[in-house]
Every structure is written in structure tokens, then in C-alpha cells.
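Each residue of the sequence shown is one higher than the one before, starting from 39 at the first, in our numbering.
Working notes, beginning with the structure itself.
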Amino acid sequence: KNPCIVDRTASLELAAKRIVWGSFLNTGQTCVRPDYVLVHKDIADRFVEAVKRRIDEFYGTDPMKTDWFGRMATSWGWKRIWGFIKQEQSHVVHGGVVDEDTKFVAPTLFYYDSVDTYAASSLAKEEMFGPLLSIIKYHSLSNVLDYINDQEKPLSLYFYGGDTEVRQRVLTETSSGSVCVNDNVVQIVNHELPFGGVGHSGMGSYHGRYSFDAFSHIKSVMIKPNINLLDPPVRYPPYGRLKSRLLPLVQAPTLAAWMDILPLRIFLVV
């Protein structure tokens with residue numbers, strides 16, 4: 039599940055436009071779509087209205103008739119998404135229209151008044167992979183970061199806002215496969231950036247050179263001189279007291295190791 043954080047310093051119209059596009063692209067059937075949006079309490083209500091306007095602008099008031107909105111790929115997927123809508127009907131604030139014959143599900147918004155309320159919902163339990171978007175009002179960034187870190191590490195994480203301190207907290211206090219600031223989904227089309235997950239969301243990365251590296255094995259090669267006289271006898275048994283003290287030098291020839299075996303201690307005064 040890919041979280042999206044909208045700070046109170048975010049441009050509402052920019053965030054709403056891009057999040058609607060990314061969330062409902064391919065009818066929400068993409069692995070990097072924003073799965074749920076955590077919005078600061080000061081702008082949450084206005085953000086919901088902005089998202090509604092963008093949905094109507096992109097897909098019309100009847101998305102079933104537009105050429106720009108698709109259908110669920112399978113009947114099983116349609117039934118799964120319809121099940122979520124029925125379970126969380128009391129939180130639906132936009133959409134919710136379905137048609138089983140054509141596997142249609144309208145872009146649907148759910149609104150939750152706190153992180154805890156959302157966490158208790160069925161929508162919080164698994165990735166949506168459909169045109170459902172949860173919007174959650176938050177009061178504390180720390181609470182948001184704690185919630186995200188309590189979940190499996192996401193494939194992507196998104197942040198909207200102009201506060202660099204808040205942005206830095208999000209970047210440093212969370213772990214995810216990728217992060218995109220003030221946009222979503224588009225990070226995967228840049229072939230100069232590695233794309234992949236971390237932990238539960240995947241292993242390794244690809245794109246450009248990173249794809250080559252992902253399918254390559256870095257082989258270690260050590261070549262030593264073919265001279266017997268350079269072969270230190272200390273590595274071979276039997277191991278007496280002297281060899282036992284000298285072996286650490288062969289294994290890790292550091293100043294600390296030398297100081298451990300020398301009878302005189304060297305003190306550096308700075």
C-alpha cells in the first residue's frame with residue numbers, strides 16, 4: 039500500500055489533480071498508485087472537494103460513459119472491489135457506482151476523520167488495486183509516520199508540500215522503494231532512477247544500468263603471487279603462543295592489532 043502525505047503547505051489544486059490522475063490511472067490497477075492519502079487537518083475538507091472536482095473534470099459526472107476511464111480486468115477483481123465499497127459504505131463521499139456486467143467501478147472516495155478510524159477499516163488491510171481512494175485527516179505528522187512505519191514497507195511513498203523540514207522528516211523517518219515529492223507515479227518512467235521495492239515490497243531494482251546490474255553477478259577474484267617464500271608460515275599449524283598472537287595481524291593488519299601484540303604501548307597525544 040503506497041501512502042501519500044499532503045502537508046498543509048501543499049498546493050491543493052496541484053495535489054488534487056496529480057493524485058486523481060495517479061490513483062485512477064488504468065482504473066487504479068497499478069502497483070505504484072497512491073493507495074491512501076493522509077491530509078493535514080487544516081486543509082482536509084477542502085482537499086476532498088478539490089479531488090471531487092478533478093474526478094468530474096477528468097471523467098465527467100458519469101464516468102461509465104467516458105472513453106478515459108477503464109474497467110476492472112477480471113470479474114474476481116470487480117467483486118473484491120465491490121465488497122470493499124459495501125463494507126465501507128458509510129465513509130463513501132463520492133462515486134460508489136458499479137456495474138457487474140461491464141466490470142465497472144466508478145472512481146470512489148472514502149473519507150476518514152482520523153488515522154485510527156482508517157486503520158480499523160477493511161480498506162487498510164490490503165492493497166486496493168482498483169479505483170478506490172481513501173482520504174484520511176491527520177492531526178500529527180508523528181502519528182502519520184508511526185502509522186506508515188508500522189505497516190510493511192511500501193513500494194512507493196508520496197509527499198506534497200512546500201515545507202522542507204516536514205519533507206526531510208518524511209524522507210529520513212520512513213523506508214520505501216521510492217519517493218516522489220509533489221507528484222506521483224512518474225518516478226518510474228525516469229530511467230536514470232532505480233526502481234524497486236524494499237522488504238515486503240520487493241528486492242533489488244531495475245531501469246537502465248540498474249537492470250543490467252540486477253541480472254549480473256559481481257564475481258570476486260583474488261590473485262596472489264606464485265612465490266613460496268612470500269607465504270607466511272604463521273597461517274599453518276601447529277599454533278603456539280607466538281603464532282596465536284601474530285595471526286590477528288594476518289587477518290586484520292591494523293594499528294590496533296599491532297598494538298595488541300607489541301610489548302610496548304604507543305600513546306598518541308593530540
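Even glycine gets a Cβ: it sits at the ideal position worked out from N, Cα and C.
Report the three-state DSSP secondary structure of residue i (helix, strand or coil).
i	result
Tyr185	helix
Val259	coil
Val153	helix
Pro41	strand
Ser61	helix
Ile173	strand
Val135	coil
Leu147	strand
Ser128	helix
His78	strand
Taking Cβ positions only, does residue i come closer than 9 angstroms to chain C?
i	result
Asp251	No chain C is present in this structure, which holds just one protein chain.
With residue i as the anchor, note down where its alpha helix (DSSP H) starts and where it stops.
i	result
Tyr97	82-97
Leu161	Counting along the chain, Leu161 falls outside any alpha helix (DSSP H), and DSSP gives it neither H nor E.
Val204	202-211
Ser249	247-252
Phe122	113-125
Of all the options the options, which has the alpha carbon lying nearest to the alpha carbon of residue i?
i	options	result
His78	Met260, Val204, Phe250, Glu211	Val204
Pro271	Asn64, Leu285, Asp94	Leu285
Leu209	Glu230, Pro232, His238, Leu179	Leu179
Phe148	Asp137, Ile119, Phe142	Ile119
Pro41	Gly115, Ser128, Leu161	Leu161
Tyr244	Ile265, His129, Gly215, Ile123	Gly215
What residue range does the beta strand (DSSP E) around residue i cover?
i	result
Cys218	216-219
Ser49	Per DSSP, Ser49 belongs to no beta strand (DSSP E) and is neither H nor E.
Phe197	194-198
Would the beta-carbon of residue i fall within 9 angstroms of that of residue j?
i	j	result
Gly240	Gly246	no
Leu183	Thr146	no
Gly66	Gly168	yes
Gly242	Ala252	yes
Thr47	Met102	no
Ser249	Cys218	no
Asn222	Arg56	yes
Phe142	Phe96	no
Would you check if the region 212-230 and the region 69-86 touch, i.e. whether three or more CB-CB distances between them fall below 8 angstroms? yes
Inter-stretch contact (C-beta, 8 angstroms, three-pair minimum) for the region 83-92 and the region 189-207: no
Does the region 159-178 come within contact of the region 196-212, defined as at least 3 CB pairs closer than 8 angstroms? no
Counting beta carbon pairs with one atom in the region 49-64 and one in the region 91-100, are three or more of them shorter than 8 angstroms? yes
With three or more C-beta pairs closer than 8 angstroms as the rule, is the region 102-119 touching the region 153-162? no
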